[in-house]
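Participant: According to my numbering, the sequence shown holds residues 3 to 75 in order. Beta carbons are placed, not taken as given, at the ideal position from N, Cα and C, and that holds for glycine.
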Amino acid sequence: MNKIRYFVESQAFGVCSRLGEKMNISASSIRLYFIYTSFLTLGSPVILYLILAFWMEMNKHMRRHNHPTIWEL
C-alpha cells in the first residue's frame, strides 16, 4: 500500500500538499476531504483540482522565466 501511495504522491501535481503547507493542515486530511466531496458532488472538485494544478505549473514556469540560469541564456 505504501508503494502505491508514494507513486501517486510523486506523480500527482502536488496540489493537496501545497494547500496543506499554505493553510498549515496535513496534506492527508485535505486529500480525504477532496475525495469525500468528489463522491458527494459527483466529481465537480476534480475541475477545481485541475485548475489549481495548471495554476501551480504556470507559476513555476513564470518564476523560472523571470530568473533564468546561465544555461538558459
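What are the boundary residues of the alpha helix (DSSP H) that includes residue 41?
Facilitator: That run of the alpha helix (DSSP H) goes 29–42.
Participant: Please state whether DSSP places residue 2 in a helix, a strand or coil.
Facilitator: Because the chain spans 3 through 75 in this model, residue 2 falls outside it and cannot be assessed.
Participant: If you draw a straight line from the alpha carbon of residue 17 to that of residue 39, how long is it in whole angstroms?
Facilitator: Distance between the alpha carbons of residue 17 and residue 39 is about 16 Å.
Participant: Sort 4, 3, 14 and 6 by Cα distance to residue 58 and report the nearest one.
Facilitator: 14
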